[in-house]
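One structure below.
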Amino acid sequence: MAGPMLEAKTLKGFRDFLPDSMVPRQAMIRKIEAVFERHGFQPLMTPALEYLETLMGKYGEEGDKLLYRFEDHGGRQVALRYDLTVPLARVVAQHRAELQLPFRRYHIAPVWRADKPQRGRFREFMQCDADIAGANTAIADAEVLMTGLGVLEALGVDGAVLHLNHRDVLFAVVQAAGVVEPQRQIACIRAIDKLDKLPPERIADEMATEAGLAREAALELIDFFVTARGIHAAEGTENESDYLKRIVETRLQGEALERALAAIARTETVRQLVEAQFPGKIHFDVSIARGLDYYTGVIYETRLTDARVAGIGAVMSGGRYDGLIGMFGKEQIPAVGISLGLDRLLAALQELGLVARSHAVPVYVTVFGPQDAAAALEVAQLLRRAGLQVEVDAVGGKLGKQLERASKRGARLAILVGADEQAARQAVIKDLADGQQHRVGLDALAATARQLLDTAD
RNA sequence: GUGGAUGUAGCUCAGCUGGUAGAGCGCGGGAUUGUGGUUCCCGAUGUCGCGGGUUCAAACCCCGUCUUCCACCCCA
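The structure is reproduced here in C-alpha cells:
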C-alpha cells in the first residue's frame with residue numbers, strides 16, 4: 013500500500029464534467045464555433061495565466077477583487093484570466109505587426125473569478141467570445157450582435173432579447189443630473205443597473221452615499237430611467253431614441269449634448285441594422301449599465317424571456333471598448349465584442365428541455381472468447397472504416413454479461429461473431445431496441461447496421 | 001465580503017421527545033454453459049462530513065471546522 017488514502021475532491025467552485033454532461037456541452041461548443049466561423053471569426057488561444065498588471069485595473073474595483081492572483085515561484089505577480097477580452101487586447105497590442113486589422117477572433121475557453129459560488133455561478137467557467145478589433149463602425153457593432161443572436165438561433169433559443177444601450181447616453185444623462193466627476197458618474201450608473209432588483213428609494217440612497225447626489229436629484233434621475241424603460245413597452249408612442257433625444261436636448265448643451273446625441277444616433281443605427289435581420293430580438297434599453305470599466309460605446313446584455321429561466325441572469329453580453337487595447341501600446345485600436353456564458357446558457361437550455369439526450373456508442377461488438385478476438389476486432393474495424401462509432405467488449409465473460417454491458421452503455425446494436433459466423437464470413441446484428449437479429453455477410457454488414465441505426469427506436 | 005440553511009449506503013432520502021442505522025434506485029451473484037433491457041430469488045452496502053464537548057449512552061444536544069446550497073453584492 014502506498015501512503016494514507018487521499019480524499020478525492022475538487023476545489024470550491026470548480027467542477028468535473030463527466031461524459032454525460034460533457035457530451036451536450038461539447039455539442040453546444042461545436043455549434044457555437046460553427047456560427048462564429050460562419051461570421052468570419054478565427055480561433056485564438058491565450059495562456060490561462062497572465063501578469064497581474066495586465067489584468068489589474070481593467071474591470072473596476074469589484075473586478076480587481078475577484079482576480080485569482082498569486083505569486084509564482086519566480087516571485088512574479090500573476091493572475092488567472094478574468095475574461096477573454098483583456099487577453100485579446102493584450103494580444104492585439106503585442107502582435108500588432110502580425111495581425112491584419114480589422115481582426116476578428118473567437119475564443120472559447122475557461123476564465124476564473126474568485127467569486128462566491130452559487131447557482132449558475134462558478135469560479136471556473138467557460139466563456140465564448142467573438143470580437144472585432146480595428147473597426148469603430150456601426151457595422152462592426154451590428155456584426156458582433158448578429159453573431160451573438162446567430163448563436164442563440166443555432167442553439168434553438170427563441171425567447172431571448174438583446175438589451176442595447178450606450179455608455180455615453182448613461183454618462184450624458186447622469187451628467188445632466190449634476191454629477192460631473194467620472195468616478196461618481198460610474199457610481200450612479202452602477203446604482204441604475206439595480207433598477208430591476210431594488211426599490212427606487214434604495215437606489216436613491218445608494219446614489220446619495222456613493223455619488224453624493226442629492227436625494228431629490230437622485231429620484232428625478234431614477235424617474236427618468238423608469239420612464240425610458242416604459243417606452244418600448246408602450247405602443248404608438250415615440251420610440252426610445254426619440255424620447256432620449258428630447259430629454260437630453262432639454263437638459264444638456266454644448267459638447268455634452270453633442271456627445272449624447274451622437275451616442276443615441278449610433279445606438280439607434282445599430283439597433284435598426286440588427287432589428288432588420290432579427291426582428292423583435294433587440295431593444296434600446298437605457299437602463300442597462302454593465303459593471304466593467306473598459307466599455308466605451310454600445311453595451312448590451314441578453315436576457316431569456318421564458319419565466320422558467322428568467323432568474324438565470326444575463327447569458328450573453330458585451331460592448332465596445334475603444335480604449336482598452338491602447339492601454340497596452342501606443343496605438344489606439346477600437347474594438348467591440350460579445351461574450352456568451354456557456355454554463356448559464358447550457359443550464360437554461362436544459363431547463364427548457366432543448367438539450368437532446370446524448371446517445372452513447374451506437375454499436376457494441378461482443379467477443380465470444382479469446383479465440384474469437386481477432387474476428388471481433390476485424391468486424392469492428394470494418395464498421396469503423398464505414399464511419400460508425402463502435403466499441404469492442406474489452407472485458408469478456410459470458411455473452412449475457414457482454415450484452416448487458418452493451419445495454420448499459422446505451423448501444424443500439426450488438427454484433428455477434430461466433431465460430432459459425434466466422435466460418436461463413438458473416439456476423440449477427442442484434443437490434444437491442446426490439447431484440448431482432450439479422451445474420452448478414454461481412455460485405456453487407458456496415459450498410460445493414462447503418463440502416464438499422466437510421467430507424468427510430 | 002454579509003446573512004440563512006445543508007451534510008446519513010454509489011444516488012435520492014427516512015430515522016418520533018438522545019439507547020451503537022433503514023427504504024427505493026443503483027451495484028454484485030443466481031434462475032438450461034450463444035442472448036441484454038422486463039420478471040423472480042439471494043447478497044453487500046455506511047468512521048451517520050470532520051474535530052472536540054455534554055451524557056451510563058449521541059446520527060440526534062452544544063462548540064468549532066469544512067462542504068454544498070439559497071439570498072445580498074457583483075456578474076457569465
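According to the working numbering, the first sequence is numbered sequentially starting from 13. The beta carbon of each residue, even a glycine, is placed where N, CA and C say it ideally should be.
Between residue i and residue j, is the Cβ-Cβ spacing less than 9 Å?
i: residue 96; j: residue 139; result: yes
i: residue 454; j: residue 439; result: yes
i: residue 278; j: residue 327; result: no
i: residue 188; j: residue 259; result: yes
i: residue 425; j: residue 387; result: no
i: residue 427; j: residue 378; result: yes
i: residue 218; j: residue 210; result: yes
i: residue 290; j: residue 101; result: no
i: residue 471; j: residue 146; result: Because the chain is modelled from 13 through 469, residue 471 falls outside the range shown and cannot be assessed.
i: residue 150; j: residue 161; result: no
i: residue 353; j: residue 144; result: no
i: residue 70; j: residue 306; result: yes
i: residue 59; j: residue 93; result: yes
i: residue 251; j: residue 296; result: yes
i: residue 457; j: residue 394; result: yes
i: residue 518; j: residue 337; result: Here the chain comprises residues numbered 13 to 469, so residue 518 is not present and cannot be evaluated.
i: residue 268; j: residue 256; result: no
Output the distance between the C-alpha atoms of residue i and residue j, rounded to the nearest integer angstrom.
i: residue 423; j: residue 415; result: 9 Å
i: residue 293; j: residue 23; result: 39 Å
i: residue 273; j: residue 254; result: 10 Å
i: residue 68; j: residue 195; result: 17 Å
i: residue 376; j: residue 42; result: 26 Å
i: residue 229; j: residue 110; result: 51 Å
i: residue 220; j: residue 28; result: 45 Å
i: residue 31; j: residue 364; result: 21 Å
i: residue 412; j: residue 448; result: 16 Å
i: residue 204; j: residue 288; result: 29 Å
i: residue 132; j: residue 261; result: 42 Å
i: residue 397; j: residue 135; result: 42 Å
i: residue 178; j: residue 75; result: 21 Å
i: residue 127; j: residue 77; result: 9 Å
i: residue 322; j: residue 48; result: 26 Å
i: residue 84; j: residue 342; result: 29 Å
i: residue 302; j: residue 62; result: 24 Å
i: residue 335; j: residue 159; result: 23 Å
i: residue 266; j: residue 121; result: 45 Å
i: residue 315; j: residue 308; result: 21 Å
Here's a check: name, in chain order, each residue in its chain whose Cβ is nearer than 6 Å to the Cβ of residue i, leaving out the five neighbours to either side.
i: residue 44; result: 140, 163
i: residue 180; result: 271, 275
i: residue 313; result: 175, 300, 326, 329
i: residue 137; result: 355
i: residue 429; result: 387, 388, 391, 439
i: residue 357; result: 327
i: residue 405; result: 378, 379, 414
i: residue 166; result: 43, 47
i: residue 285; result: 154
i: residue 367; result: 36, 361
i: residue 344; result: 338
Going by DSSP, what residues sit across from residue i in a beta bridge?
i: residue 329; result: 313, 351
i: residue 377; result: 404, 427
i: residue 177; result: 311
i: residue 122; result: 138
i: residue 115; result: 145
i: residue 265; result: Partner(s): none; residue 265 has no beta bridge.
i: residue 294; result: 174
i: residue 38; result: According to DSSP, residue 38 bridges with nothing at all.
i: residue 130; result: 133
Leaving out five residues on either side along the sequence, give the residues of the same chain with a beta carbon under 7 Å from the beta carbon of residue i.
i: residue 248; result: Note that residue 248 scores a pLDDT of 48, beneath 50, so its modelled location is shaky and nothing firm can be said.
i: residue 237; result: 204, 207, 298, 299
i: residue 64; result: 81, 89, 90, 91
i: residue 52; result: 116
i: residue 444; result: 418, 419, 423, 424, 425, 426
So, at 8 Å on beta carbons, what are the nonlocal neighbours of residue i in its own chain, with the 5 sequence-adjacent residues on each side left out?
i: residue 421; result: 372, 373, 376, 403
i: residue 54; result: 116, 117, 118
i: residue 470; result: Because the chain is modelled from 13 through 469, residue 470 falls outside the range shown and cannot be assessed.
i: residue 282; result: 150, 153, 154, 157, 176, 310
Exercise for the section: Note down, one range per segment and in chain order, each alpha helix (DSSP H) of at least 4 residues found wholly within the stretch 409 to 463. Expected result: Fully enclosed alpha helix (DSSP H) runs of 4 or longer: 411 to 420, 431 to 435.
**Prompt:** Fully enclosed by the stretch 53 to 106, which alpha helix (DSSP H) runs are 4 residues long or longer?
**Reply:** For the stretch 53 to 106, the continuous alpha helix (DSSP H) assignments of 4+ residues that do not extend past its boundaries occur at 64 to 67, 73 to 77, 97 to 106, in sequence order.
**Request:** Starting from the N-terminal side, write out each stretch of the beta strand (DSSP E) that is 3 residues or longer and does not extend beyond the stretch 164 to 226.
**Result:** For the stretch 164 to 226, whole beta strand (DSSP E) runs of length 3 or above, ordered along the chain, are 172 to 178.
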